[in-house]
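Worksheet: the structure to be examined is printed underneath.
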RNA sequence: CGGGGCGUAGCGCAGCCCGGUAGCGCGCCUGCUUUGGGAGCAGGAUGUCGGAGGUUCAAAUCCUCUCGCCCCGACCA
């Protein structure tokens, strides 16, 4: 491809709308352009990258025995009403009506559609197991789209759905996908980690997220140093503290804390560590209110709280409820003397002695509060997010924390959807049985964005070879006949050798071409100039290292083939 | 949805507080010079100042409404 024939609008300056590295670089290098919030056009170069990622996914999915199909973007409300997700999915589900006033939505995921296909077309255990996948545009009306392709509203996703006879079969299907995902992300040149995860809106029994490790990640994961345990913080189990305090229980006192509401304000004011405070969070369950006690330096985990209460939705109580129950404005709730609510607490509250809590009165806190003496708790449980320094649930040391970008997610669904939609098959004895399902997603654009987050420098992107839009960026400097001849020769020779070559045939100065090439990030640059040709050589630059080789024209192709075979399969 | 901020030339921004009829850098067009890391000189084009309404002799600037976008918190590939 020649640059003169390609729409490749590179930007010299950072666009004002972009915050993260990948978002800035993908805009600057002319890969994407925004059409509306969270909705992007893939420009020619960006599409090439998307197609590369898709090709790797296809190969590995096919290799794992999955078959590709393509489901529609729009689906009728009836299917979603069958599983209850027409209401449960909430505002994120983009709904519309057709001309006959029938309800439709844009598919945010396709469990309903595939399960409907399965129940219509599959009858016998002989046909199982099955695994269907598609690579298709999804739409989720995200509350807050951000970071370019990282969290769009419209995005390309590979989603796969497996159907098995039984749990054992489903576990095998799950394992195949788990392994395939490892191969896919390795081949994309990413440093990643599979972690235990929560199942969220999709539902099901267990799941793993594939996290690309990057500081800009939106997720926090914890892992044991020994490497046997890794999980999303919202999922990670927190063991009860083993320590007991032998601190003497001091008498309860009430102290004035004028206008100090947050943990930080109160502990600063009283000059105590946040771990010496217990915060009282009031959650409404729809029917009643529950007080949740969490140590000041810990984060409440609403998923764990919901699970304990057996609910699917809880919400922090508003000021009106808080005032009614505690008799104080938000910021002064406490368990001492609190009436009319159930009180549950995180394990860590049990061992904390002489703590600070809200006074249920404006501008007042209690200090030297002790559980069992000053207040009662209905149940202690694991109700907080894990954090660095916690004991590993596998008892192999202490957890560390890092940020990650979720690029893939595999779920064991069990019979949730097959039951709701009656997706069954006949077993050898003629008995009707529910199919056991799994589902498996990969964000294609997000994977590309994650690759940029992990592979860049201050000049631009450094594409891993397997997903690079072009392998070689050919940079002729000047317009002399010798340069043109050498360029033409290399261009055709490299292409014949199977390399994807972008030739910068623009009438631009050397500096402009160098900078654009570094920005765009092809793994190799070949610089053809009169200066080098005069002594019979051109330069081959490796983008990642900046190393330059002076090579005779005739050697360029073989050397590049050599260099690239080492980077083709391995990461980077 | 709550909190904060921004919409002025293709892009990045200034001007707004304190109304007086729009500017800077980059890019773009022409010419000459230059030509191995975002060239120099000379000349040139480009704006419904996001939209609607209002106040005023006069509005990018003040007021009201509206649309869009970005950032911080609750969702997910």
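Numbering (our numbering), first residue to last: 16 to 587. Cβ atoms here follow ideal geometry from the backbone N, Cα and C, with glycine treated the same way.
- Message: Is it the case that the segment 387-395 contacts the segment 350-360, given that we only count it when at least three CB pairs across the two stretches are under 8 Å?
- Response: Yes, since at least three Cβ pairs between the segment 350-360 and the segment 387-395 fall closer than 8 Å, the two stretches touch.
- Query: Distance, Cα to Cα, residue 211 vs residue 565?
  - Reply: Between the alpha carbons of residue 211 and residue 565 lies a gap of roughly 49 Å.
- Item | Exposure label - residue 413; buried when at least 16 CB within 10 Å | By the 10 Å Cβ count, residue 413 comes out exposed.
- Skipping 5 residues on each side, what residues in its chain have a beta carbon closer than 7 Å to that of residue 18? Excluding residues within five positions, the ones whose Cβ falls inside 7 Å are 517, 518, 519, 520, 521.
- Task: With a 10 Å radius around its C-beta and 16 neighbouring C-beta atoms as the bar for buried, classify residue 539 as buried or exposed.
- Result: Classification for residue 539: buried.
- Query: Can at least three beta-carbon pairs, one atom from the segment 377-389 and one from the segment 219-231, be found at a separation below 8 Å?
  - Reply: Contact between the segment 377-389 and the segment 219-231 is absent, with fewer than three C-beta pairs closer than 8 Å.
- Cβ pair residue 249, residue 421 closer than 8 Å: Result no, Cβ atoms of residue 249 and residue 421 do not sit closer than 8 Å.
- residue 396, DSSP secondary structure in three states: In the three-state scheme derived from DSSP, where H, G and I count as helix and E and B as strand, residue 396 is classed as strand.
- Message: Given this structure, state the Cα-to-Cα distance separating residue 293 from residue 172, to the nearest angstrom.
- Response: Pairing residue 293 with residue 172, the inter-Cα distance amounts to about 43 Å.
- Query: Straight-line CA distance for residue 399 to residue 337?
  - Reply: Residue 337 has its alpha-carbon roughly 21 Å from the corresponding atom of residue 399.
- Which first and last residues belong to the beta strand (DSSP E) in which residue 47 is found? Residue 47: member of the beta strand (DSSP E) spanning 47-51, first to last residue.
- Task: Classify residue 111 as helix, strand or coil using the three-state DSSP reduction.
- Result: Strand at residue 111.
- Roughly how many angstroms lie between the CA atoms of residue 203 and residue 461, to the nearest whole one? Put simply, the backbone Cα of residue 203 is about 12 Å away from that of residue 461.
- Which value, in whole angstroms, describes the spacing of the CA atoms of residue 169 and residue 457? In this structure, the straight-line span from the alpha carbon of residue 169 to that of residue 457 is close to 14 Å.
- DSSP three-state assignment for residue 41, whether helix, strand or coil: The answer is helix: DSSP assigns residue 41 an H, G or I state.
- Item | Residue span of the beta strand (DSSP E) that contains residue 305, given as start and end | Note, residue 305: beta strand (DSSP E), 304-310.
- Query: Hey, residue 543 and residue 501 are a contact pair by Cβ (cut 8 Å); roughly how many whole angstroms apart?
  - Reply: Cβ atoms of residue 543 and residue 501 come within 8 Å of each other, at about 5 Å.
- Item | Pairwise C-alpha distance: residue 194 and residue 73 | It is roughly 14 Å from the alpha-carbon of residue 73 to the alpha-carbon of residue 194.
- Item | Sub-8 Å separation of residue 323 and residue 382 beta-carbons | No; because the gap between Cβ atoms is not below 8 Å, this pair is not in contact.
- residue 203 - partner residues in DSSP beta bridges: According to the DSSP secondary-structure assignment, residue 203 is paired through a beta bridge with no residue.
- Item | Nearest neighbour of residue 570, chosen from 25, 46, 454, 508 [CA to CA] | Cα-wise, what sits closest to residue 570 is 508.
- Grab me the residues of residue 341's own chain with a C-beta within less than 6 Å of its C-beta, minus the 5 sequence neighbours each way, in chain order. Exclusion of the five residues before and after residue 341 leaves 348, 375 as the residues of its chain whose Cβ lies within less than 6 Å of its Cβ.
- Task: Could you name the residues of the same chain whose beta carbon sits closer than 8 Å to that of residue 480, not counting the 5 residues immediately before and after it, in chain order?
- Result: Closer than 8 Å at Cβ, skipping near neighbours: 204, 486, 538, 579, 582, 583, 587.
- Task: Inspect the beta-carbon positions of residue 35 and residue 236 and report whether they are closer than 8 Å.
- Result: Against a cut-off of 8 Å, the Cβ pair of residue 236 and residue 35 comes out as no contact.
- Query: Assuming residue 464 and residue 165 make a contact with CB atoms under 8 Å, what is their CB distance in whole Å?
  - Reply: Going by Cβ atoms, the distance from residue 464 to residue 165 rounds to 5 Å, so yes, they are a contact pair.
- Please report how far the alpha carbon of residue 125 lies from the alpha carbon of residue 330, in whole angstroms. Cα to Cα, the separation comes out at about 28 Å.
- How long is the line joining the alpha carbons of residue 37 and residue 401, rounded to whole angstroms? The alpha-carbon atoms of residue 37 and residue 401 are separated by roughly 28 Å.
- Query: From this set, 498, 58, 328, 397, which residue's C-alpha is nearest residue 303's C-alpha?
  - Reply: Comparing Cα positions, the closest option is 328.
- Message: Quick check: what's the CA-CA separation for residue 451 versus residue 102?
- Response: When rounded, the distance between both Cα atoms is 24 Å.
- Task: Would you please state the rounded distance, in angstroms, between the beta carbons of residue 541 and residue 490? I believe it to be under 8 Å.
- Result: Between residue 490 and residue 541 the Cβ distance is about 7 Å, and since that is below 8 Å, they are a contact.
- Query: If you run the structure through DSSP and keep just helix, strand and coil, what is residue 293?
  - Reply: It is a strand residue.
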